[in-house]
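Residues in the sequence shown are numbered from 15 upward in steps of one, following the numbering used here.
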Amino acid sequence: MDKMISTSWVSVRRERRGRGGEAGHDDERRGRSIVVGLLMVVAAVGGVVVVVEGGNVSYDGRALLIDGQRRVLISGSIHYPRSTPQMWGDLVGKAKDGGLNVIETYVFWNAHEPKQGTYNFEGRFDLVGFLNVVKQADLYVNLRIGPYVCAEWNYGGFPVWLHFIPGIAFRTNNEPFKAEMERFTSKVVEMMKEEKLFYSQGGPIILAQIENEYGNIDYSYGQAGKTYMKWAAEMALGLNTGVPWIMCNQADAPDPIINTCNGFYCDSFEPNSNKKPKMWTENWTGWFQNFGGRRPHRPVEDIAYAVARFYEKGGTFQNYYMYHGGTNFGRSAGGPYITTSYDYDAPLDEFGNVNQPKWGHLKDLHLAIQLCEPALVLQAPTRVGLGSMQEGHIYTNGHDICAAFLANIDTKADATVTFRGLSYHLPAWSVSILPDCKKVVFNTAQVNAQSSRLTTSGVVVDEELQSRKNIMTLSKAAWEIYQEPLGDRAESSFSAKGLLEQINTTKDDSDYLWYSDSVAMDSNGNFTLSVSSLGHALHVFVNQKYLGSASRSGQLKFPLLLNSGSNQLDLLSMTVGLQNYGAFFDTWGAGINDVVLIDAKSGGSHNLSSEAWIYQVGLQGETLRLYEDNGNSKWTSVREVPHHQPMIWYKTTFTADGNDPVLLDLTSMGKGRVWVNGEDIGRHWPENLSPEGGCSSTCAYQGAYYSDKCATNCGKPSQSRYHVPRSWLKDGDNMLVLFEEIGGDPTQIKFLTSFVTSVCARVAQSHAPPLSATQFSDNRPMARIDCGIDRVISGFRFASYGTPQGACGSFSRGGCHAVNSLAVVEEACLGRRACSLIYVSNDGGRTQFPQSSKEENLVHVTIKICKAASRQVKARHEVNDLPLKVLLYYQGNFKNP
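Structure representation (structure tokens):
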């Protein structure tokens with residue numbers, strides 16, 4: 015039979031499974047359809063007919079419709095370049111285990127097209143490979159093409175070469191810019207089509223985004239900005255992806271583009287049409303960190319509250335930004351001054367570990383929301399007043415489907431409300447979820463999930479434990495050095511009259527630009543060197559001696575002594591990530607724009623700005639590619655390693671065993687760059703300390719969150735530990751190369767591993783049973799402690815059944831305490847990977863609390879240490895991974911089921 019191929023678009027009705035739940039069809043829910051139908055390719059060869067079927071994504075005023083069924087979607091951002099391909103499967107798997115059904119990622123233009131017309135989709139930048147990992151996990155994708163991404167990423171994701179196209183102006187009605195933006199966007203879309211990754215082709219991509227938060231700054235561009243925004247929407251729609259397009263923070267997004275919300279809270283957001291669903295594309299799980307800034311922390315109780323309020327008030331799509339933040343490897347960090355770590359206090363930490371209790375509490379929240387899905391997709395909710403600061407929202411068909419959310423928005427006082435004839439206790443700033451409008455299965459303020467503490471070099475996150483585990487301290491390692499030349503410019507140096515702007519000069523090929531000049535003096539004298547800088551950092555050398563440093567922009571002053579005769583002035587200006595946000599950010603400069611010598615005695619001044627300066631882009635060590643294992647002869651072996659001296663390259667070797675995440679502790683260093691086996695770890699700057707004030711040992715989750723609330727790590731290096739992916743290490747010797755700008759002690763560098771050593775948990779009589787463990791708890795409140803794979807419980811620091819107080823790491827006994835709490839829990843749990851503590855309220859009347867006590871009955875437990883499991887224990891847990899249950903009674907009436 016001759017081969018016959020035909021294609022057609024037809025309307026279909028069918029059921030489809032996958033991506034976090036079952037799908038069906040309902041003609042009443044079809045709403046606006048971006049693509050309708052089924053792509054069929056029929057090839058008849060030798061009597062065999064093959065049919066390749068795509069899917070349908072559309073939307074109405076209630077939700078996204080996938081294959082005709084409204085869906086409640088819970089998403090999380092994972093940026094593929096901020097981890098390694100070897101980590102992707104684990105990260106996506108933990109996201110799915112945490113209750114997500116969508117993964118969201120940006121597409122990073124400057125990573126994929128570092129030079130115009132030269133593309134890179136390999137390694138960490140293998141976009142197709144990452145999306146296939148998500149597809150294999152049976153999850154959906156929201157592909158945020160942009161191509162402007164912000165994301166605290168260098169230059170907002172734009173390639174710097176774009177800046178040098180004649181006549182270009184970014185993100186406005188500018189033909190050169192629009193041509194380049196359309197070219198790259200089209201390339202990405204065509205690549206997705208070729209790999210059949212859009213849902214309309216059977217792939218995981220159900221949404222695509224054009225532009226990014228343009229509504230925040232479009233007023234600065236006037237009418238040209240409005241014209242550009244409409245052009246971007248039309249251009250995207252013309253690419254025929256077969257899935258809806260979105261624009262975030264764009265209130266006037268034209269139909270059929272869906273406008274979405276970004277922020278800490280989006281429950282009050284409404285789309286610009288009642289025909290569009292309420293969607294939240296960025297729920298900030300924490301915040302990014304700057305060099306010189308405190309470490310942000312957002313309590314999980316507040317995140318859960320924000321999410322529950324969003325779904326309570328009509329939302330059906332919510333995304334965590336970030337779910338895994340990862341690492342700004344190399345020079346990818348933007349800002350300026352964004353740290354190499356992009357941990358973001360996310361549910362999965364920078365190294366891929368589960369961040370408890372954030373991950374576990376949100377998992378329970380997701381399960382509760384999914385139980386409500388049949389009701390949530392019916393129609394908009396009905397509000398009911400429950401008090402001056404309390405309200406409820408009901409979703410129901412009036413018959414057999416009903417779900418309710420009860421909220422207490424008071425930031426200080428708990429409340430008891432009556433709903434449908436029943437009484438409910440609502441902690442301050444919390445939401446209770448009732449999937450059947452009767453029984454509470456989850457409250458945002460009641461955390462059943464354990465709190466884990468990760469040990470690195472023996473210092474736990476909250477300094478609770480002091481056990482140590484180093485892979486290696488480099489105090490006895492063999493070292494080689496290379497002294498970066500001062501005043502001896504490379505052959506590539508050049509002379510120019512006046513002071514050049516840095517980015518236009520370096521084209522961002524390096525962080526570094528030397529400004530060098532010679533100053534002639536008739537006699538010795540004391541002066542002040544006044545430098546006006548656009549940023550980002552500056553080192554000053556006079557006659558090849560280090561004078562001092564400064565960061566940030568503004569007028570910088572350095573006292574100095576000039577000798578009679580010729581004096582060599584070398585100014586090393588540095589960028590620390592290019593600007594990534596703001597109107598016209600592509601025009602913001604860097605480098606030095608004024609240099610004046612002021613005589614300390616007479617007050618007279620001499621402006622050097624208009625003189626002929628010698629320029630060198632980058633370092634000679636960069637030109638020599640000293641960070642590669644290329645047998646470079648420029649290295650010199652040393653017995654005594656130079657300490658606290660500027661402008662030195664260091665090299666040594668180390669070995670690394672095990673499987674835990676690896677961290678490089680650079681507390682002893684100042685500022686510079688670091689590589690392992692030729693892979694660029696990123697910028698280090700431990701000398702840059704966070705402010706002394708503004709931190710607190712306690713943090714109240716109640717009340718609106720902002721980025722400085724609950725900050726930690728005051729008066730310490732903003733970042734001192736750096737992620738070294740396991741896949742970048744090898745058996746035997748590994749090569750470490752550092753460039754140190756201002757001086758440090760490399761012999762005190764440590765390689766560390768990160769692993770769980772301490773676990774805390776609490777359970778109270780008012781808590782709902784954790785939905786993630788109802789198969790164990792028989793609908794009773796329960797706390798589960800788990801050391802993780804290949805580790806077992808080896809000791810307990812604290813256990814109390816009664817009225818214990820405090821937070822994880824600082825538990826203490828209350829007025830009532832079962833004296834043998836610790837002994838019974840130890841007997842039941844020691845030697846096991848996991849143990850479930852189930853609260854039992856009916857103890858046959860044996861509980862004897864003081865009559866004046868109004869405190870509820872609680873159980874607090876802290877595992878002292880989790881240690882590596884033996885082979886025998888590992889085998890036992892492979893056979894039976896179900897946790898042991900301990901039923902808790904007052905006065906030592908414990909028993910094992």
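From the three backbone atoms N, C-alpha and C, an ideal C-beta is built for every residue, glycine too.
- The region 612-632 and the region 517-532 touch, with three or more beta-carbon pairs separated by less than 8 Å.
- By a beta-carbon distance limit of 8 Å, G75 contacts N288. Their separation comes to about 5 Å.
- Separation of L576 and V610 (C-alpha to C-alpha, rounded to the nearest whole angstrom) is 14 Å.
- A residue is called buried once 16 or more other Cβ atoms fall within 10 Å of its Cβ, and E755 is buried on that count.
- A Cβ-Cβ distance of about 46 Å is found for the pair I231 and A797, leaving them out of contact under the 8 Å criterion.
- Taking the C-beta atoms as reference points, Q659 is found no nearer than 7 Å to G501.
- Ranked by how close their Cα comes to the Cα of A265, the residues Y228, L78, A360 have Y228 in first place.
- According to DSSP, I383 shares a beta bridge with no other residue.
- Proximity to L376 across P388, E387, A360, G366 peaks at A360, based on C-alpha coordinates.
- The region 63-122 is shown to contain whole beta strand (DSSP E) runs of 3 or more residues at 71-73, 78-80, 83-85, 87-92, 116-120, in chain order.
- CA-to-CA, the gap between S437 and T199 works out to about 55 Å.
- Excluding sequence positions up to five before and after W689, its CB lies within less than 7 Å of the CB of Y641, I695, V751, all in the same chain and listed in chain order.
- Distance from C724 to E706 at the Cβ level is roughly 17 Å; contact not present, criterion being Cβ atoms closer than 8 Å.
- Annotation for E515: G603, G605 place their beta carbon closer than 6 Å to its own, counting only its chain and skipping 5 residues before and after.
- T98 sits close to P739, with the two beta carbons spaced by under 7 Å.
- Taking V398 as the centre and dropping the five residues before and after it, the same chain places the C-beta of G406 closer than 6 Å to its C-beta, in chain order.
- Relative to A463, the option among V71, E296, I852 whose CA is nearest is I852.
- The beta carbon of I383 sits closer than 6 Å to the beta carbons of Y325 from its chain, once the five residues preceding and following it are set aside; these are given in chain order.
- Non-local beta-carbon contacts of P161 in its own chain, meaning distances under 7 Å to residues more than five positions away in sequence, involve V121, W123, G171, M195, F198, T199 in chain order.
- With a beta-carbon spacing of about 19 Å, G239 and T274 fall beyond the 8 Å limit used to define contacts.
- With 16 or more other CB atoms across the displayed protein chains lying within 10 angstroms of its CB, E118 is buried.
- DSSP, reduced to helix, strand and coil, places K453 outside both helices and strands of the structure shown, so it counts as coil.
- Residue burial is scored here from C-beta neighbours: P700 has at least 16 other C-beta atoms within 10 angstroms and is therefore classed as buried.
- Here A246 carries a helix assignment [DSSP, helix/strand/coil].
- For E405, the beta-bridge partners assigned by DSSP are G399, A421.
- For the pair R639 and S647, the Cα-to-Cα distance works out to about 12 Å.
- Under the criterion of beta carbons closer than 8 Å, F753 and W663 qualify as touching, at roughly 5 Å.
- Under the three-state reduction of DSSP, G568 is assigned to strand.
- Here V203 has L253, T255 as same chain residues with Cβ atoms under 7 Å from its own Cβ, once five neighbours each way along the sequence are excluded.
- Under the three-state reduction of DSSP output, P760 falls in the helix class.
- Looking only at N342, V163, E364, G845, the smallest Cα-Cα distance to I807 is reached by G845.
- Between Y358 and G300, the beta carbon gap of about 5 Å places them in contact (Cβ cut-off 8 Å).
- Distances from the alpha-carbon of S524 to those of A534, G591, G562, K559 put G591 closest.
- The C-beta distance from A442 to Q716 rounds to 5 Å, short enough to meet the 8 Å contact threshold.
- Sixteen is the threshold: when 16 or more other Cβ atoms of the shown chains lie within 10 Å of the Cβ of T458, as they do, the residue is buried.
- Between the beta-carbon of I260 and that of M293 there is about 7 Å, and that keeps the pair under the 8 Å contact cut.
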